[in-house]
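Structure record follows, encoded as structure tokens.
In the numbering used here, the protein residues as written are 37 to 197.
Given below as structure tokens:
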């Protein structure tokens, strides 16, 4: 997306990203999952505007479900629109689901969606196996980010003169 005030930085091809995920969690492993969507949800995703700040995934009945993902209603659809906050099924191989179930039960890890994108005509969701950060870890992340920013600023200023 173009840089400007109010614009979010996405990777090329991304529809939505969960920018809070790296701050709130330590991401250990990532998985790519397909999404079961209705027609109006796909059209709305192509327009952009999906919000996944509080979204998470859970395994229910041997299936993986995406919860709290907000896809706004499609403006051109009159009465056949979708519910913006409904649970959406994710498509993974059976072995991957079994591995996720084992890891989430064993170590207390959670499944966090990090981004939504299109691969060809199909909408995909990138899931991360994540471990929650403590308040101390969050402060360390902020501190490291500020030090990196200051270092880049100093290098830029040194090259200028």
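The beta-carbon is built from N, C-alpha and C at its ideal position, and this holds for glycine as well.
Classification of residue i by the beta-carbon crowding that lies within 10 angstroms, buried from 16 upward
i           : result
residue 93  : buried
residue 152 : buried
residue 51  : buried
residue 61  : buried
residue 71  : buried
residue 86  : buried
residue 124 : buried
Continuous alpha helix (DSSP H) stretch holding residue i: start and end
i           : result
residue 142 : 130-143
residue 81  : 75-83
residue 179 : 171-196
residue 57  : 57-60
Beta-carbon proximity list for residue i, same chain, < 8 Å, skipping 5 on both sides
i           : result
residue 120 : 106, 107, 108 and 109
residue 140 : 95, 146, 147 and 165
residue 40  : A caution first: residue 40 carries a pLDDT of 44, below 50, which makes its placement in the model unreliable, though a value can still be read off. Answer for residue 40: no residue qualifies.
residue 144 : 167
Candidates the options, of which the one nearest residue i by Cα
i           : options              : result
residue 64  : 191, 174 and 169     : 169
residue 112 : 103, 132 and 83      : 83
residue 118 : 141, 132 and 79      : 79
residue 130 : 159, 154 and 99      : 99
residue 167 : 54, 58 and 49        : 58
residue 128 : 116, 171 and 101     : 101
residue 77  : 49, 116 and 53       : 116
residue 122 : 73, 114, 156 and 161 : 73
6 Å CB neighbourhood of residue i in its chain, flanking five on each side removed
i           : result
residue 89  : 56
residue 163 : 67, 69, 93, 147 and 149
residue 104 : 90 and 91
Limits of the beta strand (DSSP E) - the one that residue i falls within
i           : result
residue 113 : Where residue 113 is concerned, there is no enclosing beta strand (DSSP E), given that its DSSP letter is neither H nor E.
Cβ-based neighbour list, residue i, same chain, cut-off 7 Å, excluding 5 preceding and 5 following
i           : result
residue 174 : 59
residue 158 : 70
residue 49  : 153 and 154
Per the contact definition of three or more C-beta pairs closer than 8 Å, is the segment 125-141 in contact with the segment 177-195? no
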